[in-house]
Amino acid sequence: MLLTFKDIQDLVLKDCKHSNDTEMRRLVKTWIQHKYFEYMSEIEVPEQWDHSFTFNTEAGKRTYKLPWDFMAAGENVRITAKAGDTDYAGELECKTNDEWNADYPANVSETSAQPHYFRVFKMEGVYESAGDPTNALTAISSSATDAGVRVHAWGYADATRLLPARASAVLTQAAGQPTAVQVALAANMYEVKNVSKEADTVGSVTFKRGTTTIAALAPWQRSCEFAVMELHDTPDDAYTVAVPYRRMGYPMIEDGDTPAFFPREFMMLLVDGVKILGRDWIKDDRLPEAIRQEDVLHHKLLAAHRPYQERALHFTLAE
Numbered sequence: 000m001l002l003t004f005k006d007i008q009d010l011v012l013k014d015c016k017h018s019n020d021t022e023m024r025r026l027v028k029t030w031i032q033h034k035y036f037e038y039m040s041e042i043e044v045p046e047q048w049d050h051s052f053t054f055n056t057e058a059g060k061r062t063y064k065l066p067w068d069f070m071a072a073g074e075n076v077r078i079t080a081k082a083g084d085t086d087y088a089g090e091l092e093c094k095t096n097d098e099w100n101a102d103y104p105a106n107v108s109e110t111s112a113q114p115h116y117f118r119v120f121k122m123e124g125v126y127e128s129a130g131d132p133t134n135a136l137t138a139i140s141s142s143a144t145d146a147g148v149r150v151h152a153w154g155y156a157d158a159t160r161l162l163p164a165r166a167s168a169v170l171t172q173a174a175g176q177p178t179a180v181q182v183a184l185a186a187n188m189y190e191v192k193n194v195s196k197e198a199d200t201v202g203s204v205t206f207k208r209g210t211t212t213i214a215a216l217a218p219w220q221r222s223c224e225f226a227v228m229e230l231h232d233t234p235d236d237a238y239t240v241a242v243p244y245r246r247m248g249y250p251m252i253e254d255g256d257t258p259a260f261f262p263r264e265f266m267m268l269l270v271d272g273v274k275i276l277g278r279d280w281i282k283d284d285r286l287p288e289a290i291r292q293e294d295v296l297h298h299k300l301l302a303a304h305r306p307y308q309e310r311a312l313h314f315t316l317a318e
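Okay, so the sequence shown: first residue is 0 according to numbering that gives the first Met the number 0, each after it adds one.
And the structure:
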């Protein structure tokens, strides 16, 4: 059974103490996002692996930003070309952060050559080294429900990076955009170092410098972070790198959206999980059944879709 975003909302609200309250629906939308991404972080389905990201390296540059929906790299990360020559090929071996720190603790003697190894890690902040202070910084949410949420940005006021700058504003309804809310944060910030929002949102909040996107916060994120790939050796040329990767789920925005990659046979797990998350607002006589059903379905979900490398090996010992 496939449930839409609105179907899940309605099933939860039916058991809420204040089911007709507008604020209650907003809270339920946020809880749905929370539980959806919580469950998706525990499982793995084949459809998540049907994607690949390709980027070109620059000589002397070793760290590259990965797509916003990146969750994990596949096994066949490879070089497909060098300086446009597609006859050139090579494989890249993944290193854990511990292996990386042990093998390349300081990177003092790093040389430029063809990369052979990579690691993936998260960075906090905005992927912008310096911006144009004449371009306004704007925050835009993809859901009009997020009107009233306060967003922040901070960084430096000028090129000396000695004078801090901070901006804060509330998302409001944009003229001509009935499904979105936005606000102009600042027009004089030389470099943005990080952005945040004060509450979970229903939509994703995108921060733009003029027309260029510099950060995006998913509904459950309060501050900005992104995945990067670091290469060793430092590329000495323009290599083309292909990265098959596992995608995370997508936020549900419109009523007709469905939980991406989530197994259909476990859709009711989302409903029961949301009821438990918002237990203080659920009718007393409905909560025990939700707790029981969530426990049963959650164990079945993990048994059926837990990542292979995380599955425990069970033995039956003869008496």
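Cβ atoms here follow ideal geometry from the backbone N, Cα and C, with glycine treated the same way.
Would you mind working out which of the options sits nearest residue i, comparing C-alpha positions?
i      : options                           : result
Leu268 : Lys299, Trp67 and Leu230          : Lys299
Leu170 : Ile42, Ser140 and Ser111          : Ser140
Val191 : Ala138, Gln181 and Val227         : Ala138
Phe320 : Lys81, His304, Leu91 and Ala71    : This structure cannot speak to residue 320, because the chain is shown only from 0 to 318.
Leu301 : Gln172, Ser40, Ala101 and Thr210  : Ser40
Thr210 : Arg305, Ala135, Asp283 and Ile7   : Ala135
Leu1   : Glu92, Arg263 and Ala168          : Arg263
Ile7   : Gln172, Gln220, Met251 and Met247 : Met251
Asp97  : Gln113, Ser111, Pro45 and Phe120  : Phe120
Ala198 : Glu229, Val227, Arg149 and Arg160 : Arg149
Tyr38  : Arg221, Lys282 and Tyr249         : Tyr249
Gly73  : Lys282, Asp283, Met228 and Asn19  : Met228
Pro306 : Thr21, Phe36 and Ile42            : Ile42
Leu216 : Asp283, Arg160, Gln172 and His151 : His151
I'd like to confirm the pairing. Which residues does DSSP put opposite residue i in its beta bridges?
i      : result
Ile78  : Gly89 and Val240
Phe225 : Met122
Pro163 : Tyr155
Asp84  : Lys81
Phe69  : Arg246
Ile281 : Cys15
Gln292 : Per DSSP, none; premise fails for Gln292.
Lys207 : Thr137 and Thr212
Gln181 : Ile139 and Thr171
Thr95  : None; Thr95 has no bridge partner.
Glu190 : Tyr155
His50  : Tyr244
Lys64  : Val227
Phe117 : Cys93 and Leu230
Lys196 : Val150
Asn55  : Thr239
Return the Cβ separation of residue i and residue j in integer angstroms, given the expectation that the two are a contact with Cβ distance under 8 Å.
i      : j      : result
His115 : Asp232 : 7 Å
Glu253 : Phe4   : 7 Å
Lys60  : Pro234 : 7 Å
Met23  : Leu12  : 7 Å
Met188 : Gly154 : 5 Å
Leu286 : Phe265 : That pair is no contact at about 20 Å.
Thr239 : Pro218 : Actually they do not touch by this definition, with Cβ atoms about 34 Å apart.
Ala156 : Ala164 : 4 Å
Thr320 : Leu230 : The question about residue 320 has no answer here: the residues shown for the chain are numbered 0 through 318.
Arg160 : Lys196 : So it is not a contact: roughly 25 Å between Cβ atoms.
Just to confirm my understanding: we take residue i, look at its own chain, exclude 5 residues before and 5 after, and list those with CB closer than 6 Å. What are they?
i      : result
Ala214 : Val125, Val194, Phe206 and Cys223
Glu318 : Unreliable placement is indicated for Glu318, whose pLDDT of 39 sits below 50; the coordinate value is still reported in the next sentence. So no residue of the chain qualifies.
Trp280 : Cys15 and Lys16
Asp271 : Ala289, Gln292 and Glu293
Pro66  : Phe52
Val273 : Val11, Trp30, Ile31 and Lys34
Leu162 : Ala156
Trp99  : Arg118
Val76  : Leu91 and Val242
Asn19  : none
Ala183 : Ala135 and Thr137
Thr62  : Val227 and Glu229
Ala101 : none
Trp48  : Arg245
Ala311 : Reliability fails at Ala311, whose pLDDT of 41 lies under 50, so the model's placement of it is uncertain and the value that follows must be treated cautiously. Contacts found: none.
By Cβ distance below 8 Å, which residues in the same chain neighbour residue i in space, the five residues on each side in sequence not counted?
i      : result
Thr95  : Arg118
Thr315 : Note that Thr315 scores 41 on pLDDT, short of 50, meaning its location in the model is unreliable; the coordinates nonetheless yield the value given after this. So no residue of the chain qualifies.
Leu26  : Gly277 and Trp280
Lys81  : Tyr87, Gln113, Asp236, Ala237, Tyr238 and Thr239
Thr212 : Thr205 and Phe206
His313 : Confidence at His313 is low in this model, with a pLDDT of 40, below 50, so the placement of that residue is unreliable and no value is reported for it.
Ala329 : The displayed coordinates of the chain run from 0 to 318. Any statement about residue 329 would go beyond what the structure contains.
Ala58  : Ser111, Pro234, Asp235, Asp236 and Ala237
Keeping to the same chain, check which residues put their C-beta closer than 7 Å to that of residue i; ignore five residues upstream and five downstream.
i      : result
Thr79  : Thr85, Ala88, Thr239 and Ala241
Val44  : Phe260, Pro262 and His304
Glu46  : Phe260
Ile275 : Ala289, Ile290 and Glu293
Phe36  : Trp219 and Gly248
Measuring only from the beta carbon, is residue i closer than 7 Å to any heavy atom that is part of the ligand ZN?
i      : result
Val273 : The ligand ZN is not part of the structure shown, which contains no ligands of any sort.
Got a sec: is the Cβ-Cβ distance from residue i to anything in chain D below 8 Å?
i      : result
Ile252 : Protein chains in the displayed structure number just one, and chain D is not present.
Quiz prompt | Contact between the segment 41-56 and the segment 229-245 (3+ Cβ pairs under 8 Å) | solution = yes
Quiz item: Is there contact between the segment 139-146 and the segment 204-214, where contact requires at least three CB pairs shorter than 8 Å?
Solution: yes
Self-check item: Stretch pair the segment 256-263 + the segment 29-48: three plus CB contacts closer than 8 Å
Solution: yes
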